[in-house]
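Q: Just dropping this structure here.
Residue numbers (the UniProt record's numbering): 1 to 182.
Below you can see the structure in the form of structure tokens.
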């Protein structure tokens, strides 16, 4: 099964969307699948586009890359994906500031976790505290489980999409690009 990385279609010179997460609650809920997300009921999610992201380009994109591994989709993409794959994703409204204007997008919680990373063939770097982190990731080449989008069960910051997801997005002409997963 061929897998892909989601990429933003906007020219931004490498600039991205910054999701402030001082307390780590966004990462815990959206990436590590910890907690119930109750904090989302009491706070409005806001993000800031870095300088290379232009408002006119951002408004036409259906996917944006963030500083932490949380997918950000447009209202159009959210509506389509919610209808087509309702059990795979949960969406939460987020207001993004860009060039002095606001635009509503949606943070996406990926609901499927599976073994994606080949731990034997990937390389790791050991931090000073002894913790190992992925240096060069190699994904399993024997993925046969049927999925659209999934996070790795051990390395939750890693998520990929399948060819089925790519075909689905292209059938709706969503403005999302796809590349080889890093």
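C-beta atoms are modelled at their ideal positions from N, C-alpha and C, and glycine is treated no differently.
1. My output table needs one value for residue 133: the three-state DSSP class, helix, strand or coil.
2. Which runs of the beta strand (DSSP E) fall wholly inside the stretch 93-151 and span at least 3 residues, in chain order?
3. According to DSSP, is residue 158 helix, strand or coil?
4. Going by DSSP, what residue range makes up the alpha helix (DSSP H) through residue 174?
5. Sort out for me which residues DSSP pairs residue 73 with in a bridge.
6. Between which two residues does the beta strand (DSSP E) carrying residue 48 extend?
7. Give me the Cβ distance between residue 45 and residue 94, rounded to the nearest whole Å; I'm assuming they're in contact under 8 Å.
8. Considering Cα atoms alone, identify which of 172, 155, 111, 38 is closest to residue 147.
9. Would you list the residues sitting across from residue 31 in a DSSP beta bridge?
10. Give me the Cα-Cα distance between residue 78 and residue 91, rounded to the nearest whole angstrom.
11. Use the C-beta contact count for residue 104: other C-beta atoms within 10 angstroms, 16 or more gives buried, fewer gives exposed.
12. Starting from the Cα of residue 181, find the closest Cα among 29, 132, 54, 157 and give me that residue.
13. Let's test the definition: count the other Cβ atoms within 10 Å of the Cβ of residue 124 and tell me whether it reaches 16, buried, or not, exposed.
14. Tell me the DSSP secondary structure of residue 5 in three-state form.
15. How many angstroms separate the CA atom of residue 179 from the CA atom of residue 28?
16. Measuring only the C-alpha atoms, how far is residue 81 from residue 107?
17. Classify residue 26: buried if its beta carbon has 16 or more other beta carbons within 10 angstroms, exposed otherwise.
18. Compute the Euclidean distance between the alpha carbons of residue 167 and residue 173, then round it to the nearest angstrom.
19. Examine chain C for any beta-carbon lying closer than 8 Å to the beta-carbon of residue 33, and answer yes or no.
A: The structure says:
1. For residue 133, the three-state secondary structure derived from DSSP is strand.
2. Counting only runs of at least 3 residues, the stretch 93-151 fully encloses the following beta strand (DSSP E) elements, listed from N- to C-terminal order: 101-110, 123-126, 132-136.
3. Three-state DSSP puts residue 158 in coil, outside helix and strand.
4. Unbroken run through residue 174: none, as it is neither H nor E.
5. According to DSSP, which records beta bridges pairwise, residue 73 is partnered with 63, 106.
6. Where residue 48 is concerned, the enclosing beta strand (DSSP E) stretches over 45-49.
7. The beta carbons of residue 45 and residue 94 sit about 4 Å from each other, so the pair counts as a contact at 8 Å.
8. Nearest of 172, 155, 111, 38 to residue 147, Cα basis: 111.
9. None; residue 31 has no bridge partner.
10. So the two alpha carbons sit approximately 7 Å from each other.
11. Exposed, by the Cβ-count rule.
12. Looking only at 29, 132, 54, 157, the smallest Cα-Cα distance to residue 181 is reached by 157.
13. With fewer than 16 neighbouring CB atoms inside 10 Å of its own CB, residue 124 falls in the exposed class.
14. Note: residue 5 maps to strand in three-state DSSP.
15. Looking at the two C-alpha atoms, the distance is approximately 26 Å.
16. Rounded to whole angstroms, the gap between the alpha carbons of residue 81 and residue 107 is 13 Å.
17. Result: buried.
18. C-alpha separation (whole angstroms): 10 Å.
19. The chain inventory of the structure shown lacks chain C, comprising one protein chain alone.
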